[in-house]
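Below is one structure, written out as structure tokens, with a few remarks after it.
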Amino acid sequence: AAKAAGGNRWQWFDPGMDRAADEAARLAADLRQALHRGQIFALYQPIVDLTTETPVGAEILMRWDHPEHGLIPPDIFIPLAERTGTIIELGRWVLAQACRQSAEWTRHFGAAAPRRISVNVSAHQLADPAFLTTVRDILAETGADPTRLMIEVTETAVLNATSAAHQLDALRELGLRVALDDFGTGHSSLSLLLDVPVDVLKVDKSFVSGDYADQAGAIVVRNLISFTDDFGIDAVAEGVETPAQAARLRTAGYHYAQGYLFGRPMTAAAFEALFTPARAA
Ligand code: C2E
Ligand code: MG
Ligand code: MG
Ligand code: MG
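The C-terminal residue of the sequence shown carries number 749 in the UniProt record's numbering, and the numbering is unbroken.
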């Protein structure tokens, strides 16, 4: 929808402004009400098989449609939600949304349903002792198949939550998979991967299409795939924007990717249409 394609119209939050603190406090208050007021919604971005360029799954991404400011990017409102604790409620909502959608796609597509929906989980959720119970409750309520869900955590989240490894282990015992998101942007060492149980490494877009794409990024991308192969971890390349980038990843041995080239974050209906190729008339 037009909303979803709304680009980066966010110019309002300027930390240099005198009243920035006031405005941030007001925004935090707005965010606490946003869910009840129906301003939060979810989009799905395809994760594709690089060989066929067809979706095998999707990442669910939260959106906030503010009545005055329009679409506020998650890079603004997620950190705010984390600072104010609202992330627990928002995180529960997005997880439930993913589970409902997963159950619906299973009913709709049967065995051919998207293999997995990925859900971002923040450090605060991971550190919440009630998190596992929340996940179990949502699975029970929605009837979603846990093996069709993936939890995405960042290196920073894993480093900040003392019991992260234990939580992630417990999630994997429930059947969920765990992905390390934005890999390469945090301050952890590779030993994190030895300590923390992960199934998937998401190679950050800065190495694929961002600032480092043309120089060091090419080296990082090539080396990470041999690393993940040796460790038996799947790799997903993020931020693929051009056919040349996709070709480079294929050559390097990547099987999975995500990026504007294959699809922007879109509504569930748009994802279904993409997932079901229209039959020739
Ligand atoms: P992320 O988890 O790394 O999600 C991928 C981000 O990269 C998304 O931004 C997506 O729109 C963007 N992206 C995808 N393909 C491309 C591309 O080809 N080029 C470029 N330049 N960008 C691309 P989005 O939706 O704005 O989300 C930003 C971040 O906000 C996410 O990064 C994630 O850390 C956080 N986030 C979003 N939704 C949630 C949520 O439900 N819960 C939590 N805890 N965090 C969320
Ligand atoms: Mg993610
Ligand atoms: Mg990411
Ligand atoms: Mg990110």
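Glycine included, each C-beta is placed from N, C-alpha and C at the ideal position.
Chain D contact for residue i (CB, 8 Å cutoff)
i      : result
HIS634 : Absent here is chain D; the protein component of the structure consists of one chain.
Buried versus exposed call for residue i [16 or more other C-beta atoms within 10 Å across all chains shown]
i      : result
PHE743 : buried
ARG584 : buried
HIS634 : exposed
ALA470 : In this predicted model, ALA470 has a pLDDT of only 39, less than 50, meaning its place in the structure is not dependable enough to derive any value.
PHE675 : buried
ALA741 : exposed
HIS576 : exposed
LEU511 : buried
THR719 : exposed
HIS592 : buried
GLN683 : exposed
Between the CA atoms of residue j and residue i - distance to the nearest angstrom
i      : j      : result
ASP698 : TYR722 : 13 Å
THR554 : LEU495 : 12 Å
GLU557 : LEU563 : 10 Å
GLN565 : LEU648 : 21 Å
LEU518 : ALA714 : 7 Å
GLY727 : GLU609 : 32 Å
GLY474 : ARG732 : With a pLDDT of only 48 at GLY474, under 50, the local geometry of the prediction cannot be trusted, and the value read off the model is given with reservation. Distance between the alpha carbons of GLY474 and ARG732: 11 Å.
ALA712 : ILE508 : 35 Å
THR630 : ALA638 : 14 Å
ALA612 : SER570 : 6 Å
THR522 : ALA686 : 24 Å
ARG616 : LEU607 : 11 Å
GLU641 : PHE651 : 23 Å
ASP490 : VAL704 : 40 Å
ALA472 : PRO597 : Confidence at ALA472 is low in this model, with a pLDDT of 45, below 50, so the placement of that residue should be treated as unreliable; the coordinate-derived value is given next. Computed Cα separation, rounded: 34 Å.
PHE730 : LYS673 : 14 Å
Which residues DSSP lists as bridging residue i, in chain order
i           : result
GLN507      : In the DSSP output, where bridge partners are listed per residue, GLN507 has none listed.
THR622      : ASP649
LEU669      : LEU648 and ALA703
ARG584      : GLY525
residue 435 : It is not possible to answer for residue 435, since the shown part of the chain is limited to 469 through 749.
TYR724      : ASP517 and VAL704
For the segment 539–549 against the segment 600–617, are there 3 or more C-beta pairs whose distance is under 8 Å? no
For ligand 3, which residues count as neighbours when the test is a C-beta closer than 6 Å to any heavy atom? ASP649, ASP650, LYS670 and GLU706
If you pair each beta-carbon of the segment 655–674 with each one of the segment 616–629, do three or more pairs fall below 8 Å? yes
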